[in-house]
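Student: Heads up, the sequence shown is in this note's numbering, so the first residue is 178 and it goes up one at a time.
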Amino acid sequence: MLCKAGKLLSNCTCPYDATCKHAVAVVLEYLDCLKKKSSVPIASTNDRRFELLDNDSEAQMWDEEDDEDSGRFRSKEHIRGVSHDSASFLEQQTKEQLISLIKDLAERHPAVLEDLHDKQNLSEGNIKQLVRSIQKEIREVSSEPGWTNHWKNEGYIPDYSHVKERLKGLLDLGHADAVITLGQELLEQGAQQVSMSHDEGETSCAIGSCMEIIFKALAQSSLPPVEKMLWAVEAERQN
178 MLCKAGKLLS NCTCPYDATC KHAVAVVLEY LDCLKKKSSV PIASTNDRRF
228 ELLDNDSEAQ MWDEEDDEDS GRFRSKEHIR GVSHDSASFL EQQTKEQLIS
278 LIKDLAERHP AVLEDLHDKQ NLSEGNIKQL VRSIQKEIRE VSSEPGWTNH
328 WKNEGYIPDY SHVKERLKGL LDLGHADAVI TLGQELLEQG AQQVSMSHDE
378 GETSCAIGSC MEIIFKALAQ SSLPPVEKML WAVEAERQN
């Protein structure tokens, strides 16, 4: 937390933007110390929490298009992409060199290999096989409840980012009904996971990011309008 132009700004590793309840708690604790005329605890320079904040800051950047005092962040995911130099390098490679590069990446990074399998299944029309693969991943990611202990910098928050990417890829190629099928799986498994989790809403937020894709698929699906409405209502109830 820092003071800038007469305003208090805060930065926290929790998933909420702007000033969160953790920042408010720090201020209240500080004011309580002043009221009691007791010493204010100061973190040592080697406190592990500074390292956690540094890592979090590397994943975010100030949104220069917003007011500089707004305290809002823009994720680097919004500007992530292949650089001009990297694109030029790839364009200069032969077909054989590119195939070799992709094979090497697939061997070293399981996510790349899985993406290749997805694209192969889509190109060959093996939608059922792809759906089964994504169902398996949903069950694996949802198998362990989320939990956090901010005081000890410990915890586990399920990562649904790859599931979201696969759902988006399926929807982009026009398979909205398949996405809805997977959405039902996600709702059922996710509801159980959230009910068992002991965090501050991070697990629910992770699942909710996937639901954005699923609701887009719902609008494009072959379900009759009434069934779409009922599906959405039930999804909101479970989410």
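Glycine residues also receive a C-beta, built at the ideal position from the N, C-alpha and C atoms. Every value quoted in this text rests on a predicted model; they were computed, and no experiment measured them.
Does the Cβ-Cβ distance between ILE390 and LYS345 come in under 7 Å?
Tutor: Mapped onto the sequence shown, residue 390 falls at position 213. Mapped onto the sequence shown, residue 345 falls at position 168. The answer is yes: Cβ separation under 7 Å.
Student: Taking GLU413 as the reference, give the member of ASP262, ALA394, LEU307, LEU364 with the closest Cα.
Tutor: The count along the sequence shown starts at 1 and reaches residue 413 at position 236. Cα-wise, what sits closest to GLU413 is LEU364.
Student: Please determine, among LYS212, VAL201, LEU211, VAL371, the residue with the shortest C-alpha to C-alpha distance to GLU321.
Tutor: As a position in the sequence shown, residue 321 is number 144, starting the count at 1. Among LYS212, VAL201, LEU211, VAL371, the Cα nearest to that of GLU321 belongs to VAL371.
Student: Where do the ends of the beta strand (DSSP E) carrying THR271 lie?
Tutor: Counted from its first residue, the sequence shown places residue 271 at position 94. Note, THR271: premise wrong, no beta strand (DSSP E); not H, not E.
Student: Count the other CB atoms, across all protein chains shown, that sit within 10 Å of the CB of SER300; report buried if there are 16 or more and exposed otherwise.
Tutor: Counting from one through the sequence shown, the residue named residue 300 turns up at place 123. Exposed, because fewer than 16 other Cβ atoms sit within 10 Å of the Cβ of SER300.
Student: Where ASP243 and ASN298 are concerned, what is the direct C-alpha to C-alpha distance, given to the nearest angstrom?
Tutor: Stepping through the sequence shown from its first residue, residue 243 is reached at position 66. Stepping through the sequence shown from its first residue, residue 298 is reached at position 121. With a pLDDT of 46 at ASP243, under the threshold of 50, the modelled position of this residue cannot be trusted; read the value that follows with caution. Within the model, the alpha-carbon separation for ASP243 versus ASN298 is close to 42 Å.
Student: How is GLY248 classed by DSSP in three states: helix, strand or coil?
Tutor: Your numbering for residue 248 matches position 71 in the sequence shown. Residue placement at GLY248 is flagged as unreliable, the pLDDT there being 40, under the threshold of 50; a coordinate-derived value is accordingly withheld.
Student: Here's the rule: buried if 16 or more other CB atoms are within 10 angstroms of the residue's CB, otherwise exposed. What is LEU275?
Tutor: Counting from one through the sequence shown, the residue named residue 275 turns up at place 98. LEU275 should be labelled exposed.
Student: GLY385 lies in the alpha helix (DSSP H); which residues open and close that run?
Tutor: The residue labelled residue 385 in the question sits at position 208 within the sequence shown. Going by DSSP, GLY385 is part of the alpha helix (DSSP H) stretching over 379 to 397.
Student: Assuming VAL318 contacts THR358 (C-beta within less than 8 Å), just tell me the rounded distance between them.
Tutor: Here the question's residue 318 lines up with position 141 in the sequence shown. Here the question's residue 358 lines up with position 181 in the sequence shown. No, VAL318 and THR358 are not in contact; Cβ-Cβ is about 17 Å, not under 8 Å.
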